[in-house]
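K.L.:
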Amino acid sequence: MRILYGAFSQGNGHLSKASVLVPLLEARGHEVRVITSGPPPTSCYQFNWHRHFPGISYVAKNGRTDYLASFQQWSRRLPTLFKGIWAIRGIAREFQPELVISDFEPMTASPLVEPGCEVVSISRQVSLLDPDVPMPPAGGFDRKMTRSVIRVFTCGADRKYGYHYEPASFRCVPPLIRAAAKQRRPEMGEHVLLYSGLPSFQPQPADVVAWARKNRQRVIAYGFAPECAIEGERFVSFRRPNPGQFLEDMATSRGVITTAGLSTPIEAFLLRKPLVVVPIPRQWEQTVNAFQLHEAKIACSVPDWNFDKLLETPAPAADHPLLSWMHTGSDYVLNRILDQPITTTLPPQETARPAA
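Take 58 as the starting number for the sequence shown in the numbering used here and just add one per residue.
#1: Can you tell me where the alpha helix (DSSP H) holding D264 begins and where it ends?
#2: With a threshold of 16 other CB atoms inside 10 Å of the CB of T408, please say whether the residue is buried or exposed.
#3: So is M307 buried or exposed if we call it buried at 16+ other beta carbons inside 10 Å?
#4: Given 8 Å as the limit, is there contact between the region 355-365 and the region 141-153, that is, 3 or more CB pairs closer than that?
#5: How about I113 and P163: are their beta carbons less than 8 Å apart?
#6: Just reading off the alpha helix (DSSP H) that R146 is part of, what are its end residues?
#7: Does T344 come out as helix, strand or coil in the three-state DSSP assignment?
#8: Where are the beta strand (DSSP E) runs, 3 residues long or more, that stay fully inside the region 66-103, in chain order?
#9: Please go through the region 184-269 and give each complete alpha helix (DSSP H) segment of 4 or more residues, from N-terminal end onward.
#10: According to DSSP, S41 sits in a beta bridge with which residue or residues?
#11: Go to D388, then tell me how far its alpha helix (DSSP H) extends in each direction, as first and last residue.
#12: Using 10 angstroms around the beta-carbon of V209, count the other beta-carbons present and answer buried if the total reaches 16, otherwise exposed.
#13: Using 8 Å as the threshold, is the C-beta distance between V77 and L233 below it?
#14: Please classify S257 as buried or exposed, where buried requires at least 16 neighbouring CB atoms within 10 angstroms.
#15: Throw me the rounded Cβ distance for the A64 and A75 pair, which I believe falls under 8 Å.
#16: Would N299 be called buried (16 or more neighbouring beta carbons within 10 Å of its own) or exposed?
#17: Does DSSP put S310 in a helix, in a strand, or in coil?
#18: Going by beta carbon distance, what residues of the same chain come within less than 7 Å of K217, once the five residues before and after it are set aside?
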């Protein structure tokens, strides 16, 4: 089958999932072309066929999503956006895909592309529209704006699936986690792992160093600018992006503190690490993630970078009821996308309902 795969490149979450799904699709004999849009993707992710378009992305100020600035930027970029959609339309006409998969990538999920085949939208964001998925009671403006953007980014999809922490509805699929994270045996180390990929919502490097020195606690930090590194510093290591090294540092840590994304908290959970999540303010998705992770007893949610809280947080139970769902293989997710018969054994509430 010829498959066009779209992934939003703001943050690493969508690209991380593409790095899992695309090789698996190709291993099944499918020809896959990858389209990304948003900020330029890092060189950590490589695909056999890949085209990147500027597209649109969120504007963050002081660690928060600025919706007004985002919409103003999107308005200015409309000519570039339509140029990208037209180029992707041309790629679709030449490639003649038999399926389009869009991970929150707005152009491949746009009805203007007219690919002539089914479009499947699969992303964490889709679950935020699911009426069967529990949500925090508050939200107001941010909730409305986020849900509106999600509808725009998925408006051309024929089927929609949302990555979620539990099988709350037939539209839910387990989060896609790289095989290495599931196979790695955890070890109890001496360091804590800190990750924040958003520069405007990071603890000050000087504060991290001061806390580490005061507590004589080693910290390995990712997501910070290279100039944050301090030569000769004994307690804090600021490391450059490296997926393999990041997993190794997580697996050998004593605990993880990170923003409330999807992949990193789930990997920490599978490695049975004490986990503290700090939701980025005024990002509804992060608010929802933190709420659901806390309610599921996967993580402790705090409003700021409370390193002391991490040292107090216990590891998740070895018999946690959601571990089996999280360990569900990516073959199940692929079969949902490809609309093939499901062979993976799942909880009754998932298998008893028809596909979306």
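Cβ atoms here follow ideal geometry from the backbone N, Cα and C, with glycine treated the same way.
P.N.:
On the basis of the data shown:
#1: Segment P262 to N272, the alpha helix (DSSP H) holding D264.
#2: At T408 the pLDDT is 38, less than 50, meaning the model places this residue with poor confidence; the figure from the coordinates comes in the next sentence. Under this definition T408 is an exposed residue.
#3: Here M307 is buried, its C-beta having at least 16 other C-beta atoms within 10 Å.
#4: No, the region 355-365 is not in contact with the region 141-153.
#5: Yes, the Cβ-Cβ distance between I113 and P163 is below 8 Å.
#6: For R146, the enclosing alpha helix (DSSP H) covers residues L135 to F152.
#7: Note: T344 maps to helix in three-state DSSP.
#8: Counting only unbroken stretches of 3 or more residues, the beta strand (DSSP E) elements lying wholly within the region 66-103 are 88-94, in sequence order.
#9: Segments of the alpha helix (DSSP H) lying fully in the region 184-269: 197-210 and 236-240.
#10: The requested residue 41 does not occur in the structure, where the chain is confined to residues 58 to 413.
#11: Per DSSP, D388 belongs to the alpha helix (DSSP H) from S387 to L395.
#12: Exposed: under 16 other Cβ atoms inside 10 Å.
#13: For V77 and L233, yes; Cβs fall inside 8 Å.
#14: The residue in question, S257, is exposed, as its Cβ has fewer than 16 Cβ neighbours within 10 Å.
#15: Yes, they are in contact, since the Cβ atoms of A64 and A75 sit about 4 Å apart, within 8 Å.
#16: Label assigned to N299: exposed.
#17: Coil at S310, not helix or strand.
#18: S178, V183, T211, R228 and A413, listed in sequence order.
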